[in-house]
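Q: Just so you know, the protein sequences line up as chains R and L, in that order.
The first sequence maps to residues 1 to 215 in the UniProt record's numbering.
The second sequence maps to residues 1 to 215 in the UniProt record's numbering.
Yeah, the Cβ is synthetic: ideal placement off N, Cα and C, and Gly gets one too.
Bear in mind that the values here come from a model prediction, so they are computed numbers and not experimental data.
2 protein chains.
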Amino acid sequence: MARTKNPAARSLLIERAAQMLRSREPVTLRSLVAGTGVSTMAVYTYFGGMDGVWKAVRQEGFSRLAVRLATVTVSADAVRDLTALGSAYLSNALDNPDLYRVMFDATFDLEDSHAADQSLHHLVRAAERARDSGRFRGDVDPLELATQSWTIGHGLASLVATGPLPRQMLAHGVPLLTALFVSAGDDPGRCRSSVEQGWNLPSSPPCDDAPGEKA
Amino acid sequence: MARTKNPAARSLLIERAAQMLRSREPVTLRSLVAGTGVSTMAVYTYFGGMDGVWKAVRQEGFSRLAVRLATVTVSADAVRDLTALGSAYLSNALDNPDLYRVMFDATFDLEDSHAADQSLHHLVRAAERARDSGRFRGDVDPLELATQSWTIGHGLASLVATGPLPRQMLAHGVPLLTALFVSAGDDPGRCRSSVEQGWNLPSSPPCDDAPGEKA
DNA sequence: TGGAAACCATAGCATCGCTATATATTGTGG
DNA sequence: CCACAATATATAGCGATGCTATGGTTTCCA
Chain R
1 MARTKNPAAR SLLIERAAQM LRSREPVTLR SLVAGTGVST MAVYTYFGGM DGVWKAVRQE
61 GFSRLAVRLA TVTVSADAVR DLTALGSAYL SNALDNPDLY RVMFDATFDL EDSHAADQSL
121 HHLVRAAERA RDSGRFRGDV DPLELATQSW TIGHGLASLV ATGPLPRQML AHGVPLLTAL
181 FVSAGDDPGR CRSSVEQGWN LPSSPPCDDA PGEKA
Chain L
1 MARTKNPAAR SLLIERAAQM LRSREPVTLR SLVAGTGVST MAVYTYFGGM DGVWKAVRQE
61 GFSRLAVRLA TVTVSADAVR DLTALGSAYL SNALDNPDLY RVMFDATFDL EDSHAADQSL
121 HHLVRAAERA RDSGRFRGDV DPLELATQSW TIGHGLASLV ATGPLPRQML AHGVPLLTAL
181 FVSAGDDPGR CRSSVEQGWN LPSSPPCDDA PGEKA
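(1) Could you tell me if residue 99(L) is buried or exposed, where buried requires 16 or more neighbouring beta carbons within 10 angstroms of its beta carbon?
(2) So, under 8 Å CB-CB, residue 91(L) and residue 175(L) are touching, yes? Tell me the CB distance rounded to an integer number of Å.
(3) Taking Cβ positions only, does residue 105(R) come closer than 8 Å to chain L?
(4) Decide yes or no for the touch test of the region 120-137 of chain L against the region 170-187 of chain L: beta carbon pairs closer than 8 Å, at least 3 of them.
(5) Just how far apart, CA to CA, sit residue 48(R) and residue 142(R)?
(6) Using only CA atoms, which one of 95(R), 63(R), 161(R) lies nearest to residue 108(L)?
(7) Measuring CA to CA, which of 66(R), 70(R), 101(R), 72(R) is closest to residue 18(R)?
(8) Answer yes or no: does any C-beta atom of chain R fall closer than 8 Å to that of residue 178(L)?
(9) Beta-carbon within less than 8 Å of residue 32(L)'s beta-carbon, same chain only, minus the 5 sequence neighbours each way: which residues are those?
(10) List the residues of chain L whose Cβ lies closer than 7 Å to the Cβ of residue 159(R), in chain order.
(11) With a Cβ-Cβ cutoff of 8 Å, do residue 38(L) and residue 76(L) count as a contact?
(12) Per DSSP, what kind of secondary structure is residue 25(L) in: helix, strand or coil?
(13) Decide if the region 122-129 of chain L is in contact with the region 115-131 of chain R; the criterion is three or more beta carbon pairs, one per stretch, under 8 Å apart.
(14) Are the CB atoms of residue 56(R) and residue 130(R) within a distance shorter than 8 Å?
(15) Please report the straight-line C-alpha distance between residue 106(L) and residue 163(R), rounded to a whole angstrom.
(16) Buried or exposed: which applies to residue 30(L), given that a residue is buried once 16 or more other Cβ atoms fall within 10 Å of its Cβ?
(17) Any idea what DSSP makes of residue 4(L), helix, strand or coil?
(18) So, with DSSP's three-state summary, where would you put residue 196(R)?
(19) Using a Cβ-Cβ cut-off of 8 Å (strictly less than) and excluding sequence neighbours within five positions of residue 22(L), which residues of its own chain qualify?
(20) For a cutoff of 8 Å on Cβ pairs, would you count residue 182(R) as touching chain L?
(21) Which bits of chain R does residue 169(L) rub up against, with CB to CB less than 9 Å?
The structure is reproduced here in structure tokens:
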């Protein structure tokens, strides 16, 4: 398999799978290739089977998450940035709920772990900056705090995107993150201000009512 | 084969499905009834199809969770009780990871929501007692605080039981819950003590190294 | 005891992921 | 420029899936 395998068909199928996921159509081997001009065998040359398709879709999900997190710019207020990263994480999960579900329902392999670590690293760096700028205590481990922020973000995303909680429950992110950051040493008043700023920073704030969305 | 009108077959199949889930065997219509003496049609008379089987399995999961939560006895220290409920939630999820996954991967229907609400109510009552006993501020909404505790518990359970985090990351539950309860008004020192007591209370503490379990 | 209702076994259908084989396409050495 | 080898695609089919139709068996109750 040395030759250049048509990379256009690969991303076409991944995009189509993501779109079918969003429109709630079942993604099967035959329905995936239907209408695209490629045959079922192409799936096996490109992905090695449906498992490979799901793997690629997961990576697409992580890729979109990485893009979202990258839109959060670094400011002088690291607590604000940390909150903005959490908010971006949630808005990404809510904009791609089925993709988010696929990302976390299969067992993680090494590539997934790498992608997840890369995303987590955004949070780690922000936590480190918050500590080094004096907002958090010196004994705060940035990785631990980032993991705890991730736990809050994933818990909310999971319960709201694929679970029983309604969308407005995302607003719990504000008090939860505030409590965590205050426990890390931040001043309560200052923390509240930073969190509220960061929460509403991303392009599509996850807590505000979406345009035209009805409960 | 002969036959008794057999309500026992229902719970037999549910139990078998849960066991197959635990042993990682694929649960299919034919494999589910294989060796049990009941035929494939029985699945349709009892459950109406495989969807009904999964629904029943989800209910079984919620039922086991309810049993776990019920083992947490009420004490004078409501913060300890609240933590113990979270700890019991996590130990249940870790003892039945596949069941836990099934509980939260399908879309919730009314029965599931009822079961979840019932479990959540345990937390709500404990939060209410913590507030009324003066540990939390008077303006704390027990339902909100219970939901936030649930978010932490579900986030940890999901990331550890079916996700990328190793088991020892469950220990993050202690600082997360402490931060939340302190933000609700509890005294930091007292809160830490209560949380540590409650965390190690359930029969199988989720953070301790399991017996004979190797990383 | 007889009839009605509930229950179950068998066979078969459409579809699923996947594979084997044959054909078309592509890249490369002479 | 052509013949050949390697790769990609297309077709057909296999085992297995969930599900349904149909007819036979068992159970219950009047």
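A: According to the structure data:
(1) Sequence index remark: in the second sequence, residue 99(L) carries index 99 (1-based). Label assigned to residue 99(L): buried.
(2) The residue labelled residue 91(L) in the question sits at position 91 within the second sequence. The residue labelled residue 175(L) in the question sits at position 175 within the second sequence. Incorrect: roughly 18 Å between the Cβ atoms, too far for contact.
(3) On the first sequence, residue 105(R) is found 105 positions in, with the first residue counted as 1. True, the Cβ-Cβ gap to chain L drops below 8 Å.
(4) yes
(5) Within the first sequence, the letter at position 48 stands for residue 48(R). Within the first sequence, the letter at position 142 stands for residue 142(R). Cα to Cα, residue 48(R) sits roughly 39 Å from residue 142(R).
(6) Translated into the one-based positions of the second sequence, residue 108(L) becomes position 108. Out of 95(R), 63(R), 161(R), 161(R) has the C-alpha closest to the C-alpha of residue 108(L).
(7) Working through the first sequence from its first residue, we reach residue 18(R) at position 18. Selected option, being the one with the closest Cα: 101(R).
(8) Residue mapping note: residue 178(L) aligns to position 178 of the second sequence, counting from 1. So yes, residue 178(L) belongs to the interface.
(9) Sequence index remark: in the second sequence, residue 32(L) carries index 32 (1-based). Result list for residue 32(L): 13, 16, 17, 20, 43, 53, in chain order.
(10) Taking the first residue of the first sequence as 1, we reach residue 159(R) at position 159. Within chain L, the residues near residue 159(R) are 151, 154.
(11) Locating residue 38(L) in the second sequence gives position 38, counting from the first residue. Locating residue 76(L) in the second sequence gives position 76, counting from the first residue. No. Outside cutoff.
(12) Taking the first residue of the second sequence as position 1, residue 25(L) is located at position 25. Looking at residue 25(L) - three-state DSSP - the assignment turns out to be coil, as it is neither helix nor strand.
(13) no
(14) For the purposes of this step, residue 130(R) is taken as residue 130 along the first sequence, with counting starting at 1. For the purposes of this step, residue 56(R) is taken as residue 56 along the first sequence, with counting starting at 1. Taking 8 Å as the Cβ cut-off, residue 130(R) and residue 56(R) do not qualify as a contacting pair.
(15) Position 106 of the second sequence, counting from 1, holds the residue named residue 106(L). Position 163 of the first sequence, counting from 1, holds the residue named residue 163(R). Taking the straight line from one Cα to the other gives about 8 Å.
(16) In the second sequence, residue 30(L) corresponds to position 30, counting from 1. Exposed is the call here.
(17) Here residue 4(L) refers to the residue found at position 4 when the second sequence is read from its first residue. With a pLDDT of only 38 at residue 4(L), under the threshold of 50, the placement of this residue in the model should not be trusted; the figure read from the coordinates follows. It is coil, neither helix nor strand.
(18) Against the first sequence, residue 196(R) aligns to sequence position 196. DSSP places residue 196(R) in helix when its eight states are reduced to three.
(19) In the second sequence, counting from the first residue as 1, residue 22(L) sits at position 22. Only 96, 98, 99 meet the Cβ criterion.
(20) What you label residue 182(R) is simply residue 182 of the first sequence in a count that begins at 1. Taking Cβ atoms only, chain L reaches closer than 8 Å to residue 182(R), which makes this a yes.
(21) Position 169 of the second sequence, counted from the start, is the residue given in the question as residue 169(L). Ordered by position in chain R, the residues that pass the 9 Å Cβ test against residue 169(L) are 147, 151.
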